[in-house]
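All remarks here apply to the structure that follows.
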Amino acid sequence: MSLSKDQVQHIAMLARLSLDENDIDDVVDKLSSIVNFVDQLQAAPTDNVLPMAHPMDQAQRLRADRVTEPNERDRIQQNAPEVRDGLYLVPKVIE
Amino acid sequence: MAGATDALHVLTLTELTKGMAGGEFSARELTETLLSRISEHDSLNAFITITADDALAAADSADAARANGNAGPLGGLPIVHKDLFCTAGVRTTCGSRILENFVSPYDATVVARMADAGAVTLGKTNMDEFAMGSSNETSYFGSVKNPWDPGKSPGGSSGGSAASVAARLVPAATGTDTGGSIRQPAALTGTTGLKPTYGRVSRYGMVAFASSLDQAGVITRSAEDAALLLGVMAGFDERDSTSVDRPVPDYRASIDAPLKGKRIGIVRQHFDAGLNTDCAARVKEALAALEGQGASLVEVDLPNLDLSVPTYYVVAPAECSSNMSRFDGVRFGHRAENPKDLLDLYCRSRGEGFGAEVKRRIMTGTYVLSAGYYDAYYLKAQKVRQLISQDFKAAFEKVDVIAGPTAPTPAFALGEKVDDPITMYLNDIYTIGANLAGLPGISIPCGFADDLPVGLQLIGPHFAEESVLHCAHQYQLISDWHRRCPEAFA
Numbered sequence: 001m002s003l004s005k006d007q008v009q010h011i012a013m014l015a016r017l018s019l020d021e022n023d024i025d026d027v028v029d030k031l032s033s034i035v036n037f038v039d040q041l042q043a044a045p046t047d048n049v050l051p052m053a054h055p056m057d058q059a060q061r062l063r064a065d066r067v068t069e070p071n072e073r074d075r076i077q078q079n080a081p082e083v084r085d086g087l088y089l090v091p092k093v094i095e
Numbered sequence: 096m097a098g099a100t101d102a103l104h105v106l107t108l109t110e111l112t113k114g115m116a117g118g119e120f121s122a123r124e125l126t127e128t129l130l131s132r133i134s135e136h137d138s139l140n141a142f143i144t145i146t147a148d149d150a151l152a153a154a155d156s157a158d159a160a161r162a163n164g165n166a167g168p169l170g171g172l173p174i175v176h177k178d179l180f181c182t183a184g185v186r187t188t189c190g191s192r193i194l195e196n197f198v199s200p201y202d203a204t205v206v207a208r209m210a211d212a213g214a215v216t217l218g219k220t221n222m223d224e225f226a227m228g229s230s231n232e233t234s235y236f237g238s239v240k241n242p243w244d245p246g247k248s249p250g251g252s253s254g255g256s257a258a259s260v261a262a263r264l265v266p267a268a269t270g271t272d273t274g275g276s277i278r279q280p281a282a283l284t285g286t287t288g289l290k291p292t293y294g295r296v297s298r299y300g301m302v303a304f305a306s307s308l309d310q311a312g313v314i315t316r317s318a319e320d321a322a323l324l325l326g327v328m329a330g331f332d333e334r335d336s337t338s339v340d341r342p343v344p345d346y347r348a349s350i351d352a353p354l355k356g357k358r359i360g361i362v363r364q365h366f367d368a369g370l371n372t373d374c375a376a377r378v379k380e381a382l383a384a385l386e387g388q389g390a391s392l393v394e395v396d397l398p399n400l401d402l403s404v405p406t407y408y409v410v411a412p413a414e415c416s417s418n419m420s421r422f423d424g425v426r427f428g429h430r431a432e433n434p435k436d437l438l439d440l441y442c443r444s445r446g447e448g449f450g451a452e453v454k455r456r457i458m459t460g461t462y463v464l465s466a467g468y469y470d471a472y473y474l475k476a477q478k479v480r481q482l483i484s485q486d487f488k489a490a491f492e493k494v495d496v497i498a499g500p501t502a503p504t505p506a507f508a509l510g511e512k513v514d515d516p517i518t519m520y521l522n523d524i525y526t527i528g529a530n531l532a533g534l535p536g537i538s539i540p541c542g543f544a545d546d547l548p549v550g551l552q553l554i555g556p557h558f559a560e561e562s563v564l565h566c567a568h569q570y571q572l573i574s575d576w577h578r579r580c581p582e583a584f585a
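In order, the protein sequences belong to chains A and B.
The working numbering puts the first residue of the first sequence at 1, with every later residue one more than the last.
The working numbering puts the first residue of the second sequence at 96, with every later residue one more than the last.
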């Protein structure tokens, strides 16, 4: 199955990725070849086979709801592109 | 045992420990020797960050601890970490522009356990961007060169780790393996690469690619060294929700037993058309050698082997697209300049920060998880994953380990496959099954084809690391492929 340019642009938007206009044809080609390649799975007989999400088939462990980590906001925010007064800054979202 | 410090680079961890314990050289001398080799051979591009000052300080502490009779199990031993293990105060880039300046506020569990055991960290190694690649060519910091031939790829994604161990810049390196990213570069560089059972080693602080497949391991120059390091890395960690709570054996205690009685499975489908004939010959010679040591060879089938790569390229991108959503240009990482609104900030920060292969995988994953396609692709792949896992279970009712090729060819030329994702993906056909099923596997050198190393892969049932290491060590007792060093780095 081949993907169209519109489909690829829609997928890129869902994934929040801007694509360079010059690259789009190449992205369409390569994504189409990947989708074609994984399409061979369709022929595998999987009636009554349970989907496998995890190699160990284990349940998530539970723990007591206790505070175990110290607040390291200042140190963690050293990696942020833009902060003020301990808050992350983003472009205005409400007019 | 070499006494002079100019030959320290060829020694294994086991030999280095003896040398330091016997007072032949200090951890500082060892560290200085290797740091100067690393800078002498920087054209390999195996490193993204070198932590010389921290390393010398750690070496001095290790020497002091040894003088006080408190040397840890890895006291003074040099190690380098793949650059997706978080290291407090040292940048962790994942080979990506988006994390080019990211400095982790904490240590990964693997990093912390090794440091607590006395290991000396020399730096962080180059890798395919976010571990997505099989050639190291997707790194934002450029390809690593294969020490056996600088025109060839060292494999990937743990290419910098494998190249630095092969070139005798360091005796050991950490790596991660999601579809073969430890074992395939180990095969292509003539090193020993161990991927433990899923859940055996903590993933805490290991930047996630595909969370149900990712596992930390090591690249070393012998199975015995891999056993030593696994003993330190393995074990329950409450900070990893999929860590398995199970005792850690002394992995070195059982590797010396004779191979007699060991049942080794030979997979019929491994020797189909896709395997290079010279590689097939080397692998068969190794199997004959194991048989000569008393193991019995038993034919087994993995009927869905061909479906493992397409299954992986649905499951891994799906998990990748979810994991990579944390890179938003707000909390950490690259941010686009002058965004006109929040959507533009997200799209351009990610568009500029990620390379082509990472974007392809995010989009593949987004597609297979999107409305209308989920059942046809993602759910279907999870069902085939179950079939592949059952194939291994059936095989392990007949044998103790499975042996075969690690990669279909020796190292390929840089640039050869970079424009053809499917050909690149098929490089991992023999390794991906162990990730889908969560099994431990190791690649060890078993000879050469066209003057390039060939890897033998051994895969075991869940938590059978001892069995896999046992076979690998016994083979290394009667072969010297793992001791061969590329001429330019002798």
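We put the CB at the ideal spot given by N, CA and C, even for glycine.
Since this is a predicted model, take the numbers as computed values, not measurements.
In terms of DSSP beta bridges, what is residue i paired with?
i: B:M301; result: B:F180
i: B:G312; result: B:G270
i: B:Q552; result: B:G499, B:S538
i: A:R84; result: A:L87
i: B:D244; result: B:N241
i: B:S391; result: B:R358
i: B:V198; result: B:R186
i: B:G288; result: B:I314, B:S538
Is the Cβ-Cβ distance between residue i and residue j less than 8 Å?
i: B:V296; j: B:A329; result: yes
i: B:Y346; j: B:L325; result: yes
i: B:T518; j: B:G550; result: no
i: B:D158; j: B:N530; result: no
i: B:T66; j: B:G250; result: The structure shown does not extend to residue 66 of chain B, since chain B spans only 96 to 585, so no value can be given for it.
i: B:K177; j: B:L509; result: no
i: B:H104; j: B:R132; result: yes
i: B:A532; j: B:S465; result: no
i: B:S574; j: B:Q552; result: no
i: B:I359; j: B:A384; result: no
i: B:L354; j: B:L217; result: no
i: B:I527; j: B:G275; result: yes
i: A:L89; j: B:T406; result: no
Roughly how many angstroms separate the alpha carbons of residue i and residue j, rounded to a whole number?
i: B:H577; j: B:R316; result: 6 Å
i: A:E160; j: B:D423; result: Outside the displayed range of chain A (1 to 95) lies residue 160 of chain A, so it cannot be described from this structure.
i: B:E560; j: A:P91; result: 51 Å
i: B:F427; j: B:A490; result: 46 Å
i: B:A97; j: B:T128; result: Any reading at B:A97 must be qualified, since the residue scores a pLDDT of 42, below 50, and its modelled position is unreliable; no value is offered.
i: B:L382; j: B:D373; result: 14 Å
i: B:P344; j: B:A267; result: 21 Å
i: B:K219; j: A:N48; result: 46 Å
i: B:S229; j: B:F584; result: 24 Å
i: B:K557; j: B:S256; result: In the sequence under discussion, the amino acid at residue 557 of chain B is His, which differs from the Lys named in the question. Spanning the two alpha carbons is a distance of roughly 25 Å.
i: A:A12; j: B:L437; result: 16 Å
i: B:K113; j: B:C541; result: 27 Å
i: B:D332; j: B:P291; result: 15 Å
i: B:G446; j: B:Q279; result: 29 Å
i: B:L474; j: B:A154; result: 50 Å
i: B:P507; j: B:A375; result: Checking the displayed sequence, the identity of residue 507 of chain B turns out to be Phe instead of Pro. Using only the alpha carbons, I get a separation of about 16 Å.
i: B:L264; j: B:D137; result: 10 Å
i: A:M1; j: B:G312; result: 37 Å
i: B:T269; j: A:E95; result: 50 Å
i: B:S625; j: B:R579; result: For chain B, the structure presents residues 96 to 585; residue 625 of chain B sits outside this window and is missing.
i: A:P51; j: B:M115; result: 52 Å
i: B:I512; j: B:L308; result: According to the sequence as given, residue 512 of chain B is Lys; it is not Ile. Spanning the two alpha carbons is a distance of roughly 24 Å.
i: B:M227; j: B:P168; result: 33 Å
Would you grab the beta carbon distance between residue i and residue j for me? Rounded to a whole angstrom, and I think it's under 8 Å.
i: B:V111; j: B:L125; result: The sequence as given places Leu at residue 111 of chain B; Val does not occur at that position. Contact flag correct, Cβ pair sits at about 7 Å.
i: B:A141; j: B:V239; result: 5 Å
i: B:D244; j: B:N231; result: That belief does not hold up - the Cβ atoms of B:D244 and B:N231 are roughly 14 Å apart, past 8 Å.
i: A:T68; j: B:V479; result: So it is not a contact: roughly 39 Å between Cβ atoms.
i: B:R455; j: A:L31; result: 6 Å
i: B:L572; j: B:G555; result: At roughly 19 Å, the Cβ-Cβ gap does not stay under 8 Å, so B:L572 and B:G555 are not in contact.
i: B:M209; j: B:V302; result: At roughly 17 Å, the Cβ-Cβ gap does not stay under 8 Å, so B:M209 and B:V302 are not in contact.
i: B:R430; j: B:S444; result: 5 Å
i: B:D335; j: B:R298; result: 5 Å
i: B:N399; j: B:D470; result: Incorrect: roughly 20 Å between the Cβ atoms, too far for contact.
i: B:L305; j: B:A411; result: It should be noted that the sequence gives Ala, not Leu, for residue 305 of chain B. About 4 Å; that satisfies the 8 Å criterion.
Next item on the list: Indicate whether the contact test is met: 3 or more Cβ pairs, each with one atom in the region 196-203 of chain B and one in the region 463-483 of chain B, closer than 8 Å.
Entry: no
Check: Is the region 390-400 of chain B close to the region 344-363 of chain B, with three or more CB pairs under 8 Å?
Finding: yes
Margin query: Using a Cβ-Cβ cutoff of 9 Å, what residues of the region 438-450 of chain B are near chain D? List them in chain order.
Written below: Given the protein chain composition of this structure (A and B), no chain D is represented.
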